[in-house]
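Quick notes on the structure that follows.
2 protein chains.
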Amino acid sequence: MDFLYNNLIYLIPVMGLVGIMFMLGKSAWVNKQEAGDKAMTELSGHIADGAMAFLKAEWKILSYFVIIAGILLAWSGTTVQTSSPVIAISFVSGAFLSAFAGFIGMRIATKANVRTTQAARTSLAKALGVSFTGGTVMGLGVAGLAIIGLGSLFIVFYTIYVKNTGGDVNGESMAKALEVLAGFSLGAESIALFARVGGGIYTKAADVGADLVGKVEAGIPEDDVRNPATIADNVGDNVGDVAGMGADLFGSYVATMLATMVLGREIVSHDQFGGIAPILLPMVIAGLGLIFSIVGSYFVKIKNENDSVQKALNIGNWTSIILTAIATFFIVRWMLPDGTFYMSRDVTETGALKEGALIFDKTGVFESIVVGLVVGTLMSMITEYYTAMGKRPVLGIIRQSSTGHATNIIGGLAVGMESTVLPIIVLAAGIYGSYHFAGLYGVSIAAAGMMATTAMQLSIDAFGPIADNAGGIAEMSRLPEEVRHRTDNLDAVGNTTAATGKGFAIASAALTSLALFAAFVGVAGIDHIDIYKADVLAGLFVGGMIPFIFSSLAISAVGRAAMSMVQEVRRQFREIPGIMEYKAQPEYEKCVAISTKASIREMVAPGLVALITPVIVGFIFGPEVLGGLLAGVTVSGVLMGIFQSNAGGAWDNAKKSFEKGVEIDGQIHYKKSDPHKASVTGDTVGDPFKDTSGPSMNILIKLMSIVSLVIAPHLHHELRHSERLQKEIHIRSMITHTTDHNKS
Amino acid sequence: MDFLYNNLIYLIPVMGLVGIMFMLGKSAWVNKQEAGDKAMTELSGHIADGAMAFLKAEWKILSYFVIIAGILLAWSGTTVQTSSPVIAISFVSGAFLSAFAGFIGMRIATKANVRTTQAARTSLAKALGVSFTGGTVMGLGVAGLAIIGLGSLFIVFYTIYVKNTGGDVNGESMAKALEVLAGFSLGAESIALFARVGGGIYTKAADVGADLVGKVEAGIPEDDVRNPATIADNVGDNVGDVAGMGADLFGSYVATMLATMVLGREIVSHDQFGGIAPILLPMVIAGLGLIFSIVGSYFVKIKNENDSVQKALNIGNWTSIILTAIATFFIVRWMLPDGTFYMSRDVTETGALKEGALIFDKTGVFESIVVGLVVGTLMSMITEYYTAMGKRPVLGIIRQSSTGHATNIIGGLAVGMESTVLPIIVLAAGIYGSYHFAGLYGVSIAAAGMMATTAMQLSIDAFGPIADNAGGIAEMSRLPEEVRHRTDNLDAVGNTTAATGKGFAIASAALTSLALFAAFVGVAGIDHIDIYKADVLAGLFVGGMIPFIFSSLAISAVGRAAMSMVQEVRRQFREIPGIMEYKAQPEYEKCVAISTKASIREMVAPGLVALITPVIVGFIFGPEVLGGLLAGVTVSGVLMGIFQSNAGGAWDNAKKSFEKGVEIDGQIHYKKSDPHKASVTGDTVGDPFKDTSGPSMNILIKLMSIVSLVIAPHLHHELRHSERLQKEIHIRSMITHTTDHNKS
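As they're listed, the protein sequences go chains A and B.
Position 540 of the first sequence, counting from 1, maps to 1359 under the numbering used here, and the rest follow consecutively.
Position 622 of the second sequence, counting from 1, maps to 1441 under the numbering used here, and the rest follow consecutively.
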């Protein structure tokens, strides 16, 4: 066991490698499946080409960004003692791996979609097998790459800055290693922002455009080959829901580990600094979560046509969560030392603990992890309640559709606003509870616990758009009713998992941001963020406003792009004769090009807002005002994220309810009734809410926090820096004296 | 001059009395005007009756609330040393005067409306004269009562607690006087909340209900006598826009003065405590503003039919603002002592100034007042830009109406979100600037400066709904085209002033809340609110969520009430034969009853959220967490207020633009075109946004702050209280020592 303990650091990338091995195996299995007839492969080829075209266009722009930002980082790394130009290498690695993870996901999704359609010709069980395995490839790929990337870079920096210099694992040399490592998270999160926003604009511009002309004007069904925007719409599912979501969770996963590591360095235990264990713990938990996600994935299967797909997914999910929780219990006991802990920032210069400082132990750390798991689960459940068919919120919107478009909109907005209450209370309780159990490290490790089974969450999330695409291909290829019926079954489950996945993503982003916030405070060397100060309060106001302008930019981008799409589709219907009679093929690639161009162009402004604001505020007004800004962004971003995602989800399912017929005041209304038309308006408004601006909030708040963390050493004046150094040395010499005091 | 200086305290209510005298004169003049023919007086009688019915129903509920809350306050006043059961008397006085101010406004508005219609038969100049004089009665009444009430109660409490006990004007005895006086503001603001929310639900339920059945289903114009909901709609203008707005500004006006007085007590000047001057200053400035509002009101006049009404209002407004600013310059120089000031809370126990404490002088105080005036003006201008016809935001919504209901909604939401950016930057700069010039006292006196000409602002605001009602009466009485043309002219200006008034109301509420926040921190005896602490951060999250649930409750209340109204109107059209042929009169009173009942019932839940949350959080988690909650409410409330009010205003004017015809892509669209129908959807969604939930945000944030201020002494433990007392005595003895230090 001692050998294992001493070499734990090398075990971490190995666990990541295990994930990648399984991913390769599952990917090969998916590729081996039948891809269907010529029409099907042709359609899926169009979708794959469109998706790759978008990725290439996006990468081109992002490569300029990565080069420029990398150079700036390298230069700035030379200006402060606690950083290094090497941070640019972390940054580029993070950016590259994030993009690569998105690529893996999109590639498998565009292969699994048609194979799922083909499998659905045989049985539901087989279709679930193919689509979920496709999702698993994405999940394992993202988690595996993140662990390998972060784990191996940490080994490198640890070796260079700490081991080779004989530095202390809790001292300044480790601080430098972690500060350089933060570049990895910055790279990952930057790419995630552009992927989420760009993908979100792409998918909704195509969706809204296709619906407005196809369904409303031309009266042809969704996913009809005659609609020139239909391929773009299906590409959108992949670039938005698969690649965007993947990059989002890749970013959260990495940022959570990193923040916990930064805070872990500060842990002071019994009669020594905490050692390397609290720093390694988040990565080890992530590795365990990955392994148990693989185990859980084998529990996702059904036998008969009537078995519940949702239940199969739930069993897999709970298996991985429970196994991870149990394993975490033992690993925490084994890894962390006995006795009490506190954080070095809570020690005054005389060596006494500050008033209100928290003392905790390893049981508290485990309890915090449990808090994280509970928060994640509750957030998913609440999200499901607010967006599910047949529950009060959606039923209310349906009822309000009977008096027209306006009341449908009012109903959805009211539901979205109301839906913030419970998640915020859960989150506040989670912050309170995890802090109570293990201080700031507790808040951070709670996030790490919640994110541990990211591989499984993402497998379930990615399964949805694959099933959606499979249904689209079935419809476009005009396959038999039963095939479409099976893909619809999968798609319906996918809609629920999409909603719960968003709840999970928001919860994880919120906790991650708080962890980053706490890490930022430590690295910036401030010991409070006092909103009672006028400038900090001004920062809070400006921070609160950022999610509003960001959302405004994102949804108006969708509006503009959708209008271009509408014009192009109208032009094709007008100028290409024979489309309606299936005699001529529409120019799909033109619509794909419009979505691609618009999304790439429109993702720049919101991205820059997120990246540049913290830099400007931090350098002009200092770290405390920047802290106020971050708090404002986080609170307002979480609220706007929940509001928009849930309003959008509820509108969507209110509309879907009409497909089966709904009763309002004793009368049954179906598709094409006036209330249904009103519900379509809500659904269209909800599209950019739930798939563009809403989920972008996650990345916005994380990215602004990580940017702040990266610039924190620069905001920390040299004078104060040396003070901090002296203080740490001082604390070290005081520890034996304070130990007795703390035990009491 | 010395005599004047020593008796300044008695001059304050005298200035209020001057306002009331002018109000009575103007009111008598309005009453003397001709009220028109029988049909007109009958209609205006219906409106007046409906308005009084609402007021009576509202008062009945509120009297229970005032009695219960008064008893609780009286009881709680006995439990801490710094308060007294007398606070209940302040509370009841504040509640009574706020309700009475609303009554005055509504009474004059329901008399001025029909007299304006009658005057419009002669000339635009005369119609403006009557309607604006009606508005002035409201403005002077609100401001006069507020100054008389606050000023005389202050004299009473000052005499009892300070003068008669020989206490110090900057010591604990004055703190007690001000803490008891805070009950006045609590009473005023509580009534304001219910008036704003109840009135807001009333007016929009009637408006939306009348439009949905009348305009959309039955195809009859707005303000048609055949529509059973039309009287309720016109009553709504009075109870929402007149009484609600009046109570809102009455509350802001009082709260701003009070907060500044509380902070003024803490001012330490050159070589002594600051004396009573910084405490009296806000009331004196308010008194001056009132006097110069009267002066300004005589500049609001036009001569010819083609003169600009907007220009006349602007001249009156600027006259009062500029005269007040000039007078303030001299009064500040005269009242405040020379030398430097700082605040007692910024002094440590050893008598040294804390790090970062601000030292300022009376020039700084005047500069802060200027900052307040500039912030108020800029906020109004920005609001106008975002909601005015012919400007980019509204033109964008018009354009997006051409692709349907959904894109119209998306456009409006995007505009609303975008419109938060500039106001927040102005506000943040205002906080930063006013603090820079005169510390926390500066932030507070900036709000007082902005609010000084409340009488004029409110005159202009109340003029709008009077003109709107006058137009309604003209339409319902089927008066000649030229009459309606003149009232339309006034109404159009009224729409602009309504928008700018909302910008002003939000800016004043935000600054007022911050002033109250600062006062709360002092009274609660905490010296920081550190969002870096987990529990404070949790409070910030919960606080940020309150405006969302409050808005959700308010807009869904409108939705529900509007649906009852729709059903009633449909019933009357069905069951009463001859309405359409003008042969039978609809049962107006039934619709009035529905709006009244619904608004009274629905105002309770949001009201209780605002009142109870701070009490629960404060007593369970302590003052610092409550501070976090308040910061969250304020930031999120200001954002949601701006977002909702501006989105609603922009949708409204986008719809109105179609009445004159708008060009989209070379084609001109008029009323009843498809884009126009889409714009009606936006307008209907915007109705509760801009007139119910949006403006309620102002009162929500102020009320929660004032509740916190009132309970603050109870949160301040006795132990800590005696510490504070000792500290103040200590500081007093140190002052001469520190003076030299501070001069440097």
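Virtual Cβ for every residue (Gly too), placed ideally from N, Cα, C.
By the neighbour-count criterion, in which 16 or more other beta carbons inside 10 Å mark a residue as buried, B/R1045 falls on the buried side. Comparing alpha-carbon positions, the option among A/V1499, A/Y824, A/W1470 lying closest to A/G1209 turns out to be A/W1470. Your pair A/V1151 and A/F1185 checks out as a contact, with CB atoms roughly 5 Å apart and the cut at 8 Å. In the structure shown, A/L1172 adopts extended strand secondary structure according to DSSP, grouped into three states.
The criterion of a C-beta distance shorter than 9 Å is satisfied by B/G835 and B/L1109. For B/Y1205, there are no neighbours in chain A by C-beta distance under 9 Å, as the nearest C-beta there is about 12 Å away. Contact between B/T1316 and B/A946 does not hold, since their C-beta atoms are separated by about 15 Å, which reaches or exceeds 8 Å.
Against chain A, the beta carbon of B/P1514 has no neighbour under 9 Å; the closest one sits roughly 16 Å away. If you check the CB distance, B/M1080 and B/F973 come in under 9 Å. Taking B/S912 as reference, the option from B/T941, B/Y977, B/A994, B/A1001 with the minimal CA-CA separation is B/A1001. Chain B places no beta carbon closer than 9 Å to that of A/G1268, leaving this residue out of the contacts. Burial state of B/Y1205 is buried, judged by a 10 Å Cβ sphere holding 16 or more other Cβ atoms.
Within the region 1036 to 1051 of chain B, no residue has its Cβ closer than 7 Å to any Cβ of chain A.
Taken in chain order, the complete alpha helix (DSSP H) segments of 4 residues or longer contained in the region 1205 to 1269 of chain A are 1211 to 1219, 1224 to 1237. About 40 Å separates the beta carbons of B/A1248 and B/N932, which is beyond the 8 Å limit, so they are not a contact pair.
At a cut-off of 3 residues, the continuous stretches assigned as beta strand (DSSP E) that sit fully inside the region 1451 to 1514 of chain A are 1481 to 1483, 1486 to 1488. B/Y1161 carries a strand assignment under DSSP once its states are collapsed to helix, strand and coil.
In the structure shown, B/V905 falls within a coil segment according to DSSP collapsed to helix, strand and coil.
Residues of the region 1454 to 1473 of chain B with a C-beta atom less than 9 Å from some C-beta of chain A are V1454, S1455, V1457, L1458, M1459, I1461, F1462, listed in chain order. The beta-carbon of B/Q852 is placed no less than 9 Å from the nearest beta-carbon of chain A. Under the Cβ criterion (8 Å, minimum of three pairs), the region 1236 to 1250 of chain B does not count as touching the region 1290 to 1305 of chain B.
Check the Cα spacing between B/I1285 and each of B/A867, B/A1048, B/W1153: the tightest is with B/A867.
Listed along chain B are A1225, I1228, I1229, L1232, each with a C-beta nearer than 8 Å to that of A/V1504.
The beta carbon of B/A1326 does not come within 9 Å of any beta carbon belonging to chain A, so the residue lies off that interface. In this structure, B/P1425 lies away from B/M1523, with their beta-carbon atoms at least 9 Å apart.
Counting the other Cβ atoms within 10 Å of the Cβ of B/M1399 gives fewer than 16, which makes it exposed.
Among the bridge pairs identified by DSSP, A/V1166 is matched with A/L1172. Beta bridge pairing from DSSP links A/D1349 with B/D1349. As computed with DSSP, A/F1179 is found in a beta bridge with A/F1160. Taking the Cβ atoms as the reference, A/D1506 lies roughly 5 Å from A/K1023, within the contact range of under 8 Å.
A/G1456 and B/L1298 have their C-alpha atoms some 53 Å from each other.
In this structure, the beta-carbon distance from A/I1228 to B/T1500 falls below 9 Å. When the Cα atoms are used, A/E1300 and A/G1291 turn out to be separated by approximately 13 Å.
Secondary structure of B/D1310 (DSSP, three-state): helix. The beta carbon of B/D1354 lies closer than 7 Å to those of F1440, V1444 in the same chain, with the five residues before and after it left out. Between the region 843 to 857 of chain A and the region 1033 to 1052 of chain A there are fewer than three C-beta pairs closer than 8 Å, too few to call the two in contact.
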